[in-house]
Each structure stands twice: as C-alpha cells, then as structure tokens.
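Numbering (the numbering used here), first residue to last: 5 to 51. Each remark here refers to the structure printed beneath this line.
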C-alpha cells in the first residue's frame with residue numbers, strides 16, 4: 005500500500021514538472037526543445 009501511494013505521488017509530481025517545463029519552453033519559443041521533451045515523456049498505449 006505504501007509503495008503504491010509513493011508511486012502515485014511521484015507520477016503526479018513528474019506530470020506537473022513535465023507540464024510546467026513544456027509551458028516554459030513554449031513561452032521562450034524553444035519549440036524544438038518542447039517537442040523533444042514531449043516525445044521523451046509521451047505515453048503510448050499498448051496495442
């Protein structure tokens with residue numbers, strides 16, 4: 005139980021960091037860096 009909660013908190017923190025980084029990069033017109041970061045963290049569905 006404790007490990008699951010910790011994993012969820014880490015995922016939420018990582019997601020918040022990822023969104024804020026994308027926002028900052030887009031505001032600075034660093035579109036290539038923002039796209040690279042997006043692709044690095046992109047979640048793909050298994051088929």
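All residues carry an ideal CB built from backbone N, CA and C; glycine is no exception.
Selection from 33, 14 and 26 that minimises the alpha carbon distance to residue 43: Comparing Cα-Cα distances from residue 43 to each of 33, 14 and 26, the minimum goes to 26.
Distance, Cα to Cα, residue 41 vs residue 12? Looking at the backbone, the Cα of residue 41 and that of residue 12 are separated by about 21 Å.
Boundaries of the alpha helix (DSSP H) in which residue 37 is found, first to last residue: Per DSSP, residue 37 is one residue of the alpha helix (DSSP H) stretching across 35-45.
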